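Notes for the one structure printed next.
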Amino acid sequence: MSVDLPPGLLDSLAISAARVLVLKDVPDENGSWLVEPAGRQLVLRRYHDDATTEELCYEHEVLRYLAQAGWVVPDPAGELVRWEDRWYCLTRYVPGQAVTEEDAGQQRRRGRDLARLHLALRGLAGRLGQRAGWRAQHQGVTLQTAVDWPACVRALAEVSPRLAAWAEIATGQTQDALAAIGADALPVMVVHGDFASWNVHYQSGRLAGVIDFGLTHLDTRPYELAIARTWRAPAMVGAYRGELARFGWPLSDLEEAAIVPLYHAFRLDQISWPLAQGLRTGDYDLAAIERQLSRTGTRPP
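Under our numbering, the first residue of the sequence shown is numbered 1192, with each subsequent residue one higher.
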């Protein structure tokens, strides 16, 4: 049994595991363990230290909805448990493996699977609404409403005036580009939030399941394409478009126009994580910040 689990946690979950294997264990972030009680396979998930019950209940509602629709996802196999100031939950084990180095055919396969997932989620937005503390990417610089973007940029200026000035320019240009296409009219839906290749499992060439709904919230289809890293998988977008059109739900002209500016907005939002951490700790990953800024479509000052 892994010594990484807090003593007494498995007893509190009323399971007796013959074997526990660490899948991921990063301090202050999400962690997961493969647990095999009585011949079953489950995953014990530990949520990051800022996770709230409202956020987690939203995520679990999305997972339960998809599981009932026949999707293989890590839906809860028990209740949330609070242990040593962190939230834990047993979830379904999703078989198969990710294909992280995709050829064109595998990119197209993932595009069709994303379209199918969106079709399955299409009617859920009206029931769930927005996830607590979140907003759609075109509605603000950052997805999470608690992030004080101006304060983050001011603090960055004390460490790197050049990067802070770049961030301010990128913010203005990205917001102007979204306003120019009328992004306020973009329709939103429940999105996976990270449909990247490493979160989609395949087995014998077929979809086995989808994992990591930690970023699920209400957003747009163009945003989902950005965070699915489709710039690394150009064949994926065409297959996604084709599958949606086949089912009578093609991307609108506005959604097509939003793909590039929302990709730049997504890159800007990615900076909010190291900026918020730097604001708290004073320690900045300047290389990571510059790398993301270089992908916002904005030239450095």
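Idealized CB from N, CA, C, for every residue including glycine. Computed from a predicted model, the values in this text were never measured in an experiment.
Where residue i falls, given that 16 or more other Cβ within 10 Å makes a residue buried
i: P1341; result: exposed
i: M1192; result: The pLDDT assigned to M1192 is 42, lower than 50, so where the model puts this residue is not dependable; a value taken from the coordinates is nonetheless given after this. Exposed is the call here.
i: T1362; result: buried
i: D1266; result: buried
i: G1314; result: exposed
i: A1478; result: exposed
i: R1318; result: exposed
i: T1336; result: exposed
i: A1205; result: exposed
i: T1487; result: buried
i: R1458; result: buried
i: G1320; result: exposed
i: G1469; result: buried
i: E1220; result: exposed
i: E1446; result: buried
i: D1276; result: exposed
Own chain residues within Cβ distance below 6 Å of residue i, not counting five before or after
i: G1302; result: M1427, A1430 and Y1431
i: D1304; result: L1398
i: Y1249; result: R1322
i: S1463; result: T1333 and V1338
i: D1358; result: The residue asked about is misnamed: residue 1358 is Ala in this sequence, not Asp. Only V1344 meet the Cβ criterion.
Residue j beta carbon less than 7 Å from that of residue i
i: Q1394; j: P1492; result: no
i: A1188; j: H1329; result: This structure cannot speak to residue 1188, because the chain is shown only from 1192 to 1492.
i: L1254; j: F1386; result: no
i: I1480; j: P1465; result: yes
i: R1283; j: A1268; result: yes
i: P1452; j: A1368; result: yes
i: W1263; j: G1400; result: What sits at residue 1263 in the sequence shown is Val, not Trp. Result yes, Cβ atoms of V1263 and G1400 sit closer than 7 Å.
i: H1383; j: T1421; result: no
i: A1424; j: E1293; result: yes
i: S1223; j: L1212; result: no
i: R1236; j: C1280; result: yes
i: T1365; j: A1448; result: no
i: Y1454; j: A1419; result: no
Simplified DSSP state of residue i, which is helix, strand or coil
i: A1399; result: strand
i: T1243; result: coil
i: D1474; result: coil
i: P1425; result: helix
i: G1324; result: coil
i: G1296; result: helix
i: Q1232; result: coil
i: A1508; result: Any answer about residue 1508 is impossible in this case: the structure gives the chain only from 1192 up to 1492.
i: D1410; result: strand
i: R1458; result: helix
i: Y1393; result: strand
i: P1265; result: coil
i: V1338; result: coil
i: V1211; result: strand
i: L1281; result: strand
i: R1273; result: strand
i: D1375; result: helix
i: S1351; result: coil
i: W1357; result: helix
i: R1486; result: coil
i: S1223; result: strand
i: A1381; result: Before going further, note that residue 1381 is Val rather than Ala in the sequence given. Correct three-state label for V1381: strand.
i: F1420; result: The sequence shown places Arg at residue 1420, not Phe. R1420 falls in the coil class under three-state DSSP.
Cutoff 8 Å; reference residue i; Cβ partners in own chain excluding five residues on either side
i: R1345; result: A1355
i: R1353; result: P1491 and P1492
i: P1441; result: R1432 and L1435
Contacting residues, own chain, Cβ-Cβ under 7 Å from residue i (five flanking each side not counted)
i: V1290; result: Q1297, S1388 and Y1393
i: E1246; result: R1322, A1323 and G1324
i: R1210; result: E1227
i: Q1461; result: Q1483
i: I1360; result: T1489 and P1492
i: S1207; result: P1228
i: L1312; result: M1380 and V1381
i: A1467; result: V1338 and C1343
Residue i at chain D interface by Cβ criterion, 7 Å
i: A1449; result: In summary, chain D is missing from the structure at hand, where a single protein chain is found.
The segment 1198–1216 contacting the segment 1268–1278, beta-carbon criterion three pairs below 8 Å | yes
Three or more C-beta pairs closer than 8 Å, one from the segment 1255–1263 and one from the segment 1292–1299: is that the case here?
-> no
Between the segment 1370–1384 and the segment 1406–1421, do at least 3 Cβ pairs fall closer than 8 Å?
-> yes
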